[in-house]
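Here the protein sequences line up with chains A and B, keeping their order. According to the numbering used here, the first sequence is numbered sequentially starting from 472. According to the numbering used here, the second sequence is numbered sequentially starting from 1154. Read through the structure below, which is laid out as structure tokens, and then see the notes.
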Amino acid sequence: IKGQSSILKFFATA
Amino acid sequence: MFEARLTQGSLLKKVMEAIRELLNEASFDCSENGIQLQAMDNSHVSLVSLNMGSEGFDKFRCDRNLTMGMNLASLSKILKCASNSDAITLKAQDDPDTVTFTFESENNERVSDYSMKLINLDQEHLGIPDTEYSCVVKMPSADFARICKDLSQFGDCITISCTKEGIKFSVAGDIGTGNVKLAQTANVDKESEAVTVEMQEPVSLTFACRYLNHFTKATPLSEQVQLSLSADVPLVVEYKIGEFGHIRYYLAPKIDE
């Protein structure tokens, strides 16, 4: 999807 | 030994409906505190976090922490065999390769059980930071579902703008534009019909309709939905599960190109 960011950009691997 | 009995088995059926379109498989983490699940959708755009506290179960026993990886299409097939009025019991051994579901009718005259093979999932857990959100909106869940459905007809993404007066949902597409504004309700007879806004500062963020519509599959769980928004962080869409749990969906915002 155009312009869609990933959730991984916000939440780090615990 | 793990055993969890829920008289109101329909809750588990509704939880399943709320996640099955978004996730193919997921790990259910069981501890003495209850059952938890955290999983990202396949495209890593959204994250589902489910929590059902042990206090909400009629019986809850979990001698050792365990993780049960399940194929959600299979789980869905099994839960479809339960009636809405059935009590549901989940059982597993300490190091399980299967989980058993028992469905009991209200009068106990019909008891069925199904066992399902568990799968090994190497799912990574994400750390969700504590966030003070700029805007927290509570509104009727059916209204949120309707708005997402209505506006999806016009475009791929919805802009959610929040001020202290209320919340606005906007869409722009090839055929035109659409806006739905909800004012904060002054006084309503029923708490479930209220729209409340707690705002620190105004926010405007854009999200993909497709995911918002997936989240609204949780509508039967709760009459109210809570939306938490801050600039440049994921939206949180939260539905309560009875008095003892919640399902939270985190959705990464769209970014300007």
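Note that CB positions come from ideal geometry on N, CA and C, so glycine has one too.
Buried or exposed by the 16-neighbour rule on C-beta atoms within 10 Å, applied to residue i
i	result
E1259/B	exposed
Q1377/B	buried
E1208/B	exposed
G1398/B	buried
C1301/B	buried
A483/A	exposed
M1221/B	buried
C1234/B	exposed
E1344/B	exposed
M1223/B	buried
G1329/B	exposed
I1272/B	exposed
Q475/A	buried
A1336/B	exposed
Q1414/B	The requested residue 1414/B does not occur in the structure, where chain B is confined to residues 1154 to 1410.
K1334/B	exposed
K1167/B	buried
A1361/B	buried
Supposed contact pair residue j and residue i - C-beta distance, whole angstroms, cut 8 Å
i	j	result
L1279/B	S1180/B	In fact, because the Cβ distance is near 13 Å, the residues do not count as touching under 8 Å.
K1270/B	D1250/B	7 Å
L1382/B	V1356/B	5 Å
G1162/B	A1240/B	5 Å
T1405/B	K473/A	With the sequence shown as reference, residue 1405/B is identified as Ala, and Thr is not the correct amino acid for it. About 14 Å separates the two Cβ atoms, so there is no contact after all.
L1365/B	G1331/B	Not confirmed; about 14 Å, so no contact.
I478/A	H1367/B	With a Cβ gap of about 14 Å, I478/A and H1367/B do not count as contacting.
K1317/B	V1350/B	6 Å
L1228/B	M1169/B	6 Å
Nearest residue (CA-CA) to residue i, options the options
i	options	result
T1348/B	P1249/B, D1327/B, K1321/B and M1223/B	Residue 1348/B is actually Val in this sequence, not Thr. Comparing Cα positions, the closest option is K1321/B.
I1281/B	L1271/B, M1154/B, R1401/B and N1340/B	R1401/B
R1363/B	D1385/B, S1265/B, F1210/B and S1199/B	S1199/B
R1158/B	K1317/B, P1373/B, F1368/B and T1242/B	T1242/B
I1313/B	L1388/B, L1190/B and G1187/B	L1388/B
T1338/B	L1374/B, G1187/B and E1346/B	E1346/B
T1160/B	E1185/B, G1187/B, D1211/B and S1375/B	D1211/B
F1155/B	C1315/B, E1185/B and M1169/B	E1185/B
E1285/B	C1215/B, T1369/B and E1354/B	E1354/B
S1238/B	D1216/B, R1263/B and V1252/B	R1263/B
Residues near residue i by beta carbon distance below 6 Å, same chain, minus five either side
i	result
S1265/B	F1256
K1407/B	C1310 and T1359
Q1379/B	K1291 and E1391
F1213/B	A1157 and S1207
Y1267/B	I1231 and F1254
M1193/B	L1200
S1323/B	T1312 and N1332
I1172/B	V1201
Sequence-distant residues of its chain with Cβ nearer than 7 Å to residue i (five each side left out)
i	result
T1372/B	S1294, A1295 and A1298
L1164/B	I1394 and G1395
Q1189/B	D1182, L1203 and N1204
Q1246/B	M1154
Cβ-based neighbour list, residue i, same chain, cut-off 8 Å, excluding 5 preceding and 5 following
i	result
N1177/B	N1195, N1224, L1225 and A1226
Residue i Cβ short of 8 Å to the ligand SAH heavy atom set
i	result
G1308/B	This structure lacks the ligand SAH; in fact it carries no ligand of any kind.
* In chain order, what residues of the stretch 1336-1361 of chain B put their CB closer than 7 Å to some CB of chain A? -> A1361
* Going along the stretch 1187-1220 of chain B in order, which residues come within less than 7 Å of chain A, judged by CB to CB distance? -> M1193, H1197, V1198, S1199 and L1200
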